[in-house]
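Trainee: I have a structure I would like to understand better, so I am pasting it below and will then ask my questions one at a time.
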Amino acid sequence: MAAYFRKLPFFTVLLFVAGGAMLLTAGVGASLELYRTARDFFYVGLMVIMAAVLLGFASQTPRRVPSERSHLATLFLAYLWLPVVLAWPMDQAVGNTRFVNVYLDMVSALTTTGLEVFEPQRLNPVIHFWRGLIGWIGGLMIWITAFSILAPLNLGGYEVTSEARVQGQVVNSRGQMQAANASERLRKNAMRLTPIYLGLTVALAIAMIAAGEVPLVASIHAMSTLATSGISPVGGLEGRPTGAMGEMLIFVFFVFALSRRTYSSGFGHEFRQRLMKDREIRLALFAAIVLPTLLFLRHWIGALEVDELADGRAAFEALWGSVFTVISFLTTTGFVSDNWDAARDWSGLQAPGLVLVGLVLMGGGVATTAGGVKLLRVYALYKHGAREIGKLIYPNSVAGAGRLGRRIRREGAYIAWVVFMLFILTMAAVMVALALTGLSFEQSMILAISTLTTTGPLAGVAGAQPIGIFGLTDAAKLVSAAAMIVGRIETLVLIALFNPAFWRD
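To convert, note that position 366 of the sequence shown is 355 in our numbering; the numbers rise steadily by one, no gaps.
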C-alpha cells in the first residue's frame, strides 16, 4: 500500500485530497443535521475517491521520474481543472445557480483569493465550511509547492536571493534538483509542513472560541487567516462577539504570511532573533508603523475640524483599526477591522481605499500564502534605489552588506523590476479585458488588482461602491477566474513554463 501511494502522480494525489475534503464536509453537515447537503458531498466524495483509486492503479506502471517542470505544469493545470471537481458537490448543494458561478467561487477559494461570489446569507453553514476548507487546502498547497517546486527552480520570489549568477559566474542548481526528485520533496515537505499548518490553525480556532466566537465561524476565520483567503461565513469581522480580542488573535497569526522564516525553521529560542533580522518582517513593520500613523494623523486632523479630539477611546479605536487593516491587506487576507469604520465616524473622513490598493500590490512574504509582488522584491528595489542615490552623492563609495547584499541590490533588483513590470502589464491586460465586458475604469482596475493579488475582499472596500461579483457577465467572471490563476502562479512562472529553453535545460 505504501508503494502504491509513493508512485501516485501529483494530480492523483490532489484528487484524493479533494475527495477526502468532501467526506470531511459531509461529516460536518451530518453533525449540523443538514443531511441533504451532507449527502451531496458524501456521494460526490465517494465518486472522486473511486476515480482517484482507479487512476492510481493505472499509473503504477514504470515511467520516467517526474521533474520539477512537469510538477510545475501540473500545478498550473490543477488551478484550471481541480475547481471543476470541487465545484461539483457545491453546485448540487447550492442549487438554482449556474455552474460558472460555482466554478468562479472554487477558483477564488483554491487560489486563496476569497472573492465573494454569493451573498453569505444564501449559503448554509456546510457550504461556508466547504469554502473555508478549500481556501485552507489551497494555502497548504502553496506552502508545500513553494519549497518543493518553485525553490529549486529559483521562481516565486526565490530568484531575488538565489546564487544563480553572482559576479558573472553561473552556479547551476542542477545538483540541488538531483539531490532528491520532485515527488520525494513533495512528500517530505508535506509531512514537515502539514502538522505546523494544521497546528497553527487549530490553535487560532481554539483561542477564538475561548474568546466567545461561534465554533464554526471561529474555525472558518482561523482557516482563512492562515490561508490569507479572507473567506468569512458572516461577511467579515464587523460586529463579531469577540470584538477587538478576536482581531488581536488574528493579528498575531498574520506574521506567518509575512515571511517563510516564521514557520520553515522551527520555533526555537532563536525564533525572535530570526524574525527581527528578516528583511521582509522589517519592511512589514515599517509599513505597520508609518501607514497607520499617517492615517491616524489624517483622521486626527479631520476630528480637529469637527471638535472630536476629546474622545480618547474613539482615537484609540481609530488607530487600532488602521493597524489591523493595514497588516491584513498587506498579507492579502482582506479582513477589515470592526474599528476601520470607527475612524471614519470619528473624523468624518472617508476611508482611503487607494492605500489598501497599494498594500495588496506590495503583498506578503515569499513562499507564503500571500499574493502581490512580494515584500522581498519590494525590498530589493528599495535597496537598489538607496544605493543609486548614495552613488550620486559619493560616486566612489563601496557598499557593504556582503555577497548576498550585493546580489539583492544588483541581479535581485533587476529580476524584481522585471517581475513588477510583468505584473503591471498583466494588470493592464486584465483591465482591458474587463472593460470590454462593460465594467467602468474604476471597477476594472479594482477587480484586476483584487484578482491578481489574490485579495478578493478588496473589491468590496476599495471603491466608492462594492463590486457585485454575482451580477457580472459570464465573460467578466471567466476573466476574473483566469486573473486569479495567473496571480497565484505569477506571470514569471508562466513565462518560464511556456519557454522552450526552460524545458530543454
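Yeah, the Cβ is synthetic: ideal placement off N, Cα and C, and Gly gets one too. Keep in mind it's a predicted model, so treat the numbers as computed, not measured.
Assess contact between the stretch 241 to 251 and the stretch 262 to 270, defined as three or more Cβ pairs (one per stretch) separated by less than 8 Å. Is contact present?
Mentor: yes
Trainee: In angstroms, rounded to a whole number, what distance separates the CA positions of Ala135 and Ile290?
Mentor: 45 Å
Trainee: DSSP three-state call for Ser213: helix, strand or coil?
Mentor: helix
Trainee: Counting pairs of beta carbons, one from the stretch 91 to 103 and one from the stretch 20 to 38, are three or more of them closer than 8 Å?
Mentor: no
Trainee: Assign Tyr383 to one of three DSSP states: helix, strand, or coil.
Mentor: Assigned with DSSP and collapsed to three states, Tyr383 falls in coil, not helix or strand.
Trainee: For Phe(-1), count neighbouring Cβ atoms within 10 angstroms of its own Cβ and tell me buried if that reaches 16, exposed if not.
Mentor: buried
Trainee: Ordered along the chain, which non-local residues of its own chain (more than five positions away) have a Cβ less than 7 Å from that of Ala422?
Mentor: Counting only residues of its own chain and dropping the five nearest sequence neighbours on each side, Ala422 has a CB closer than 7 Å to the CB of Val468.
Trainee: Cβ of Thr321 within 7 Å of Cβ of Thr214?
Mentor: no
Trainee: Put Lys372 into one of helix, strand or coil per three-state DSSP.
Mentor: helix
Trainee: In this structure, does DSSP put Gln110 in helix, strand or coil?
Mentor: helix
Trainee: Given Asp80, which residues of its chain have a CB within under 6 Å of its CB, disregarding the five upstream and five downstream residues?
Mentor: Phe88, Val91
Trainee: Which term fits Asp496, buried or exposed, when burial requires 16 or more other beta carbons within 10 angstroms of its beta carbon?
Mentor: Look at the range of the chain in this structure, -10 to 494, and you will see that residue 496 is not part of it.
Trainee: Which value, in whole angstroms, describes the spacing of the CA atoms of Gly352 and Trp406?
Mentor: 15 Å
Trainee: Grab the span of the alpha helix (DSSP H) containing Glu173 for me, first residue to last.
Mentor: 171 to 199
Trainee: What would DSSP say about Tyr252, mapped onto helix, strand or coil?
Mentor: helix
Trainee: For Leu61, count the other beta carbons within 10 Å of its own beta carbon; 16 or more makes it buried, fewer makes it exposed. Which is it?
Mentor: Answer is buried; the Cβ neighbour count reaches 16.
Trainee: Between the Cα of Ala82 and those of Ile123, Arg111, Gly201, Trp329, spot the shortest distance and give me the residue it belongs to.
Mentor: Of the candidates Ile123, Arg111, Gly201, Trp329, Arg111 places its Cα closest to the Cα of Ala82.
Trainee: Are the Cβ atoms of Thr515 and Thr314 separated by less than 7 Å?
Mentor: In this structure the chain extends from -10 to 494, so residue 515 is not present and cannot be described.
Trainee: Tell me whether the beta-carbon of Gly45 lies closer than 7 Å to the beta-carbon of Leu104.
Mentor: no
Trainee: Distance check for Ile185 and Leu12, CA to CA, integer angstroms please.
Mentor: 23 Å
Trainee: Okay, do the stretch 171 to 178 and the stretch 204 to 220 touch, 3+ Cβ pairs below 8 Å being the bar?
Mentor: no
Trainee: Quick one: residues in its chain with C-beta nearer than 6 Å to the C-beta of Thr426, no 5 flanking neighbours on either side, listed in chain order?
Mentor: Thr462, Ala464, Ala465
Trainee: Touching or not, the stretch 211 to 229 and the stretch 272 to 282, by the rule of three or more beta carbon pairs under 8 Å?
Mentor: Result no; under three Cβ-Cβ pairs closer than 8 Å.
Trainee: If we ignore side chains and look at the alpha-carbon of each, how far apart do Ser48 and Tyr32 end up?
Mentor: 25 Å
Trainee: When you compare the CB positions of Gly225 and Ala200, do they come within less than 7 Å of one another, or not?
Mentor: no
Trainee: Find the nearest neighbour of Ala303 within the set Ala437, Asp330, Leu182, Trp77, judged by alpha-carbon distance.
Mentor: Asp330
Trainee: Count the other CB atoms within 10 Å of the CB of Trp309; is the residue buried (16 or more) or exposed (fewer)?
Mentor: Here Trp309 is buried. Its C-beta has 16 or more other C-beta atoms within 10 Å.
Trainee: With Ile126 and Ala10 assumed to form a contact (beta carbons below 8 Å), what rounded beta-carbon distance in angstroms separates them?
Mentor: Rounded, the Cβ-Cβ distance is 6 Å, consistent with contact.
Trainee: For the candidate residues Ala19, Thr183, Phe65, Phe240, whose alpha-carbon lies nearest to that of Arg477?
Mentor: Phe65
Trainee: Closest to Leu428 by C-alpha separation, out of Asn170, Ala448, Lys363, would be which residue?
Mentor: Ala448
Trainee: Within 10 angstroms of the Cβ of Ile382, are there 16 or more other Cβ atoms? Answer buried if so, exposed if not.
Mentor: exposed
Trainee: Alpha carbon to alpha carbon, how far is Met237 from Val484? Give it in angstroms, no decimals.
Mentor: First, the residue type needs correcting, since residue 484 is Ile and not Val in the sequence shown. Answer to the nearest angstrom: the Cα atoms are 40 Å apart.
Trainee: Shortest alpha-carbon distance to Gly347 belongs to which of Leu286, Val96, Ala451?
Mentor: Checking every option, the nearest Cα to that of Gly347 belongs to Ala451.
Trainee: At a threshold of 6 Å, does Arg87 count as lining the ligand MN (C-beta to nearest heavy atom)?
Mentor: Absence of the ligand MN is noted for the structure shown, with no ligands found whatsoever.
Trainee: Please classify Lys266: does DSSP put it in a helix, a strand, or coil?
Mentor: helix
Trainee: Which first and last residues belong to the alpha helix (DSSP H) in which Gly18 is found?
Mentor: -1 to 20
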